[in-house]
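Notes for the one structure printed next.
There are 2 protein chains.
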Amino acid sequence: MVNDITEYDVVGIGNAIVDVLAKVGEGFLAERDLHKGDMTLVEAQKAGEIYADIIPEREISGGSAANAVAAIASLGGTPSFIGKVHDDELGQEFRRDIGAAGVDFFTNPLMQGPSTARSIVLVTPDAQRSMFTYLGASTHLSVDDIDEKIISAAKIVYIEAYLLDDPQSAEAMKKAAQLARQYGRQVALTLSDTSCIERHRQELKDFIHSNVDILFANDEEICSLFEEKDFYKTLDMIKQEVDIAALTRGEKGSVVVNNRIKIFVEAETVEDAVDSTGAGDVYAGGFLYGLTHGRTLGTCALIGNIAASEILSHYGARAEVSLRGYVRNKLRQYGKTL
Amino acid sequence: MVNDITEYDVVGIGNAIVDVLAKVGEGFLAERDLHKGDMTLVEAQKAGEIYADIIPEREISGGSAANAVAAIASLGGTPSFIGKVHDDELGQEFRRDIGAAGVDFFTNPLMQGPSTARSIVLVTPDAQRSMFTYLGASTHLSVDDIDEKIISAAKIVYIEAYLLDDPQSAEAMKKAAQLARQYGRQVALTLSDTSCIERHRQELKDFIHSNVDILFANDEEICSLFEEKDFYKTLDMIKQEVDIAALTRGEKGSVVVNNRIKIFVEAETVEDAVDSTGAGDVYAGGFLYGLTHGRTLGTCALIGNIAASEILSHYGARAEVSLRGYVRNKLRQYGKTL
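Now the structure itself:
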């Protein structure tokens, strides 16, 4: 069953979400009784109401795993994505956009039921962002969407923990991991966020222990997973569970744990960090690009840090320049090549 | 002038010393007014007197850089050594022994003047070691001994800081570094010991800044170099000076600093560590074997740590088993290959 030809560096599996950015006046939120700042999960009706009243400025495909594979494509890699959209306008938008980013995306859309997931990002004149996310069709990802040909054709299957939030998606995620193992592929997981970990801690631990080769998390998430306050102690805990743990720490840079080896890599200096949304996703994308291109773990983390620094410097979770050029120029300063 | 064919992984340049091991009774030291424990530098006459009175049990080629290249040979690498012996019995012994270890050694012997350097190691019934070192011919290494063909044929030139103790050897060391640069080879240096650093701190700093790509030191030595008590602070100081710093910390393992990356590697557990002599040399040999065989910096440090652990488990600075087999077996446990 094992096929040594891998067409893809990475296949990402996660929620397919369109980020809809719009500028609104200060009164817009208050008039609709909407919470300002942070991210709020909303139902279909609420999302529809907000969407009807705005003039979308930009609509770009988003979602954690999708952001990571888009970064891989921007670095010059060859990624694929599995996720569920509806066959509606936003779904078609997601498909066009992720395709234009260089990511293969073949998952069949929902023909009925909830509409494509969207995260409506309202930017008020004070430059604050208020996000309203409706998960819709994205939670309808099922085992039937896990294409054996794609899983077997990718060196690494990259999964977001958010998939555990829906029983159907959770089954899909487990099937993907099982297929990956069957074909001798590696399984990577991102812990998504601390509230997701709190909802599924034991299930996540079991999944990691049985399936995961490469774990991505930030310091808060890894501490939450083990219910341990001391970040340094979690390093010796996670090394028992996975082959590689790549842990981000904001301006403290990132740490890679590989058995008896711990690699500390400094963060890039970002003069005007305006928005950290997607930085973790892009770090993971950069790291996985390096790993699938034979780079050392230290260089993988460097690539991740540099790629993430591009995202920090503007709004939105997708790079505004070619990450390949951006990362290559920075790496050159450290005597390394991409 | 640059030749891309490198016959040797590493050429070591250092003091050529024969370690003479002998068992003596408790009274032997006291009768001769000799200091028990540690290492004492002695003059020719004193060395001759001690040597005349003992029954040498083992005579093996030693010296810091020589120990490192012998480890490289035992790991399956191809090293060479440059150092000065006299054409006396001990000198011939050094030549035979280092050759049998798999190290090329072509330096012309002294035909007159001081005899071959020796370190007489007296082991008393309480298992304590008292070392008496006579540097003799080894300090007569001169620029004429730095064979351009050998330097240009080695990927890395590995130098011990002890060479600064003699003006003639210091000139030879600088010529070797200059030739290495000319041929596009890397220069590695070991800081030898803290008293050596105290004698030559500024000269060492200048030499490192201008010539050294790879620095080896233990925690005490790197702290002494920068006159800085906090080991962690020295990591950010040394990264400005060299491409790679590989720093050992005894049972705390080792740390590799490479620009923005710091790699912490756990030490091997040694149940009955009896003698740390040569452990730093063998670590450097293991690290350089990895580096010249395309291994990641983390794996280089692992190889160094494992090779050093073999040395710790018995008396003497040379491995008692094939380091290649020993290291390969340990690495396999960590999912890595040699």
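Just so you know, the protein sequences line up as chains A and B, in that order. Using my numbering, the first residue of the first sequence is number 902, and each one after it goes up by one. Using my numbering, the first residue of the second sequence is number 902, and each one after it goes up by one. In this text, a Cβ means the ideal position worked out from N, Cα and C, and glycines have one as well.
task = Could you tell me whether the Cβ atoms of B:S1031 and B:G938 are closer together than 7 Å?
result = yes
Check your understanding: Apart from the five residues on each side of it in sequence, which residues of its chain come closer than 8 Å, Cβ to Cβ, to B:M1138?
Key -> F1127, E1129
Subject >> Whole-angstrom distance between A:A1073 and A:T1178, CA atom to CA atom >> reply: 26 Å
Determine, for A:V1143, whether the minimum Cβ-Cβ distance to residues of chain B falls below 7 Å.
no
Whose CA, out of A:E1169, A:G984, A:N1160, A:V1156, lies closest to the CA of B:K1163? A:V1156
Exercise. Can you tell me the Cα-Cα spacing of B:N1119 and B:R1196, whole angstroms?
Worked result: 22 Å
For B:A923 and B:I956, believed in contact at Cβ under 8 Å, the rounded distance: 6 Å
When the cut-off is 7 Å and only beta carbons count, does B:V1166 lie next to chain A? yes
- Item | Nearest-angstrom Cα separation, counted from B:E1172 out to B:A1089 | 31 Å
- Beta bridge counterpart(s) of A:R1019 as assigned by DSSP: A:V919, A:Y1035
Beta-carbon spacing of B:V1166, B:L1203 below 7 Å: yes
Item to complete: For B:E994, count neighbouring Cβ atoms within 10 angstroms of its own Cβ and tell me buried if that reaches 16, exposed if not.
Response: buried
Exercise for the section: Indicate the three-state DSSP secondary structure (helix, strand or coil) for B:T941 in the structure shown. Expected result: strand
### Message
Less than 8 Å between C-beta atoms, sequence neighbours within five positions excluded: which residues of the same chain meet that for A:T1238?
### Response
R1229, L1232
Check your understanding: Rounded to a whole number of angstroms, what is the C-alpha to C-alpha distance between B:S1039 and B:P1015?
Key -> 9 Å
Does the beta-carbon distance from B:T1017 to B:D1046 come in below 7 Å?
no
- Item | Cross-chain neighbours of A:G1199 in chain B, by beta carbon under 8 Å | N1159, I1162, I1164, T1197, L1198, G1199
* Asked: Can you check whether the CB of A:I1057 is closer than 7 Å to the CB of A:V1158?
  -> no
Cβ shell of A:G964 (< 6 Å), same chain only, five flanking positions each side left out
G915, N916, A917, I918
ask   = Between which two residues does the beta strand (DSSP E) containing B:L1148 stretch?
value = 1145-1149
- Query: Per DSSP, A:D1005 forms a beta bridge with which residues?
  - Reply: A:S981
Requested in this report: With 7 Å as the threshold, decide whether the Cβ of A:Y909 is near any Cβ in chain B.
Outcome: no
**Q.** Residue of A:L1065, A:I1098, A:D1094, A:V1113 minimising C-alpha distance to A:G1085
**A.** A:V1113
Notebook entry, point to check: Which bits of chain B does A:Y1235 rub up against, with CB to CB less than 8 Å?
Noted result: N1160, R1161
* At a CB-CB cut-off below 9 Å, which residues of chain B make contact with A:L1203? -> N1160, R1161, I1162
- Which residue comes first and which comes last in the alpha helix (DSSP H) that contains A:T1200? 1198-1213
- prompt: What's the gap between the Cα of A:H1110 and the Cα of A:T941?
  reply: 31 Å
- Query: Considering only residues of the same chain and omitting the five flanking positions on each side of A:G977, which have a CB-CB separation below 7 Å?
  - Reply: R1225
What does a CB cutoff of less than 7 Å around A:A1077 pick up in its chain, not counting 5 residues either side in sequence?
I914, I1047, I1052, V1058, I1060
What residue from A:T1034, A:E1152, A:G1187, A:T1091 has the CA that sits closest to A:K947's CA? A:T1034
Q | 6 Å CB neighbourhood of B:Y1184 in its chain, flanking five on each side removed | A | T1149, G1205, A1209
Checking the sheet assignment: what are the DSSP bridge partners for B:T1170?
None, per the DSSP bridge assignment.
* To do: With a cut-off of 8 Å on the beta carbons, I'd call A:L1042 and A:K985 a contact; round off their distance for me.
  => 4 Å
What number of angstroms, rounded off, separates the C-alpha of A:K1153 from the C-alpha of A:A1180? 14 Å
Nearest to B:M1012 by alpha carbon, out of B:D1027, B:H987, B:A1002?
B:H987
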